[in-house]
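Only one structure is covered here, and it is reproduced in the block below.
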Amino acid sequence: MRRHFYRACGFLFVGLGAVGAFLPIMPTVPFLLLAVYFFARSSPELEQKILDHPSWGPQVRDWRERRAISRRAKTTAIGAMSIGAVVTWYTLGEPWYYISIAILVIAGTWIATRNE
Numbered sequence: 165m166r167r168h169f170y171r172a173c174g175f176l177f178v179g180l181g182a183v184g185a186f187l188p189i190m191p192t193v194p195f196l197l198l199a200v201y202f203f204a205r206s207s208p209e210l211e212q213k214i215l216d217h218p219s220w221g222p223q224v225r226d227w228r229e230r231r232a233i234s235r236r237a238k239t240t241a242i243g244a245m246s247i248g249a250v251v252t253w254y255t256l257g258e259p260w261y262y263i264s265i266a267i268l269v270i271a272g273t274w275i276a277t278r279n280e
């Protein structure tokens with residue numbers, strides 16, 4: 165029963181990571197890290213599939229092995245969140261813009277301070 169729960173959680177986080185690949189304000193790799201965690205406990209084949217992915221696999225492996233985020237990934241993530249905040253400002257305005265700024269400040273600070 166637990167294995168099915170972990171597998172379902174893994175698919176949930178892969179789905180959220182896929183959404184994050186297209187929405188600038190939502191991250192991708194943290195959701196994939198959670199997916200790998202759950203797949204490691206339920207389906208090693210699916211875990212390996214994420215680790216072998218040409219785009220996301222290296223980032224997930226770097227975090228897993230060294231707890232590090234590459235400078236390029238940091239810059240891309242903070243840039244995408246900044247674009248998301250600007251788009252939110254133009255499309256939705258207040259108070260939604262402040263939420264985007266809060267996410268940018270909190271997540272951007274966390275990303276920027278991680279080891280490389």
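Take 165 as the starting number for the sequence shown in the numbering used here and just add one per residue. Note that CB positions come from ideal geometry on N, CA and C, so glycine has one too. Bear in mind the structure is a predicted one, so any value in this text is a computation, not a measurement.
When the Cα of residue i is compared with those of the options, which residue comes out closest?
i: A266; options: G248, V183 and Y254; result: G248
i: L176; options: Y261, F202 and R235; result: F202
i: G243; options: P208, E209, A271 and L180; result: A271
i: T239; options: V224, A276 and W227; result: A276
i: I233; options: R278, G174, G184 and Y170; result: R278
i: F186; options: A241, L256, K213 and P259; result: A241
i: E229; options: L215, H168, S207 and R236; result: L215
i: M165; options: S206, G181 and V193; result: S206
Is residue i helix, strand or coil when you go by DSSP?
i: L256; result: coil
i: A266; result: helix
i: D216; result: coil
i: P222; result: helix
i: M190; result: coil
i: R205; result: helix
i: A172; result: helix
i: R278; result: coil
i: R231; result: coil
i: M245; result: helix
Excluding the 5 residues preceding and the 5 following residue i in the sequence, name in chain order all residues of the same chain whose CB lies nearer than 7 Å to its CB.
i: A204; result: E211
i: L197; result: V224 and W227
i: V289; result: Outside the modelled stretch of the chain, which goes from 165 to 280, sits residue 289, for which no answer is possible.
i: S246; result: L268
Below 8 Å CB to CB, which residues in the same chain sit around residue i once its five sequence neighbours on both sides are set aside?
i: W260; result: T252
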